[in-house]
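Numbering (the UniProt record's numbering), first residue to last: 1 to 109.
Note that the Cβ used here is the ideal one computed from N, Cα and C, for glycine as well.
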């Protein structure tokens with residue numbers, strides 16, 4: 001079954017989605033919200049693509065490489081943006097995004 005074949009990637013995608021959702025919510029509570037706008041935007045986009053890719057893998061998509069390329073690019077961008085901020089939630093999100101980007105890049109190759 002495809003979900004077993006991709007179990008490790010599915011777990012990383014799910015962890016990234018959760019980290020992005022947490023970061024998104026926490027960023028909205030930061031006093032300098034204007035400074036966090038790009039982080040919030042990328043958190044949402046990253047959580048959405050990770051969730052979608054996770055679901056596609058469980059459905060045995062034929063577009064694994066295409067999803068993986070897109071997901072890697074979005075995760076990398078989100079991780080890079082989050083890494084710019086000193087907040088603990090941003091740093092944790094950056095780590096999760098960069099791990100996810102690496103896993104997706106492996107699938108894309």
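- By the criterion of at least three beta-carbon pairs nearer than 8 Å, the segment 24 to 37 is not in contact with the segment 49 to 59.
- In the three-state scheme derived from DSSP, where H, G and I count as helix and E and B as strand, residue 63 is classed as coil.
- Contact between residue 75 and residue 46 holds: their C-beta atoms lie close to 6 Å from each other, under 8 Å.
- By the CB criterion at 8 Å, residue 42 and residue 77 fall inside the cutoff.
- Boundaries for residue 29: no alpha helix (DSSP H) harbours it, and the DSSP string shows neither H nor E there.
- The three-state reading of DSSP puts residue 84 in coil, since its state is none of H, G, I, E or B.
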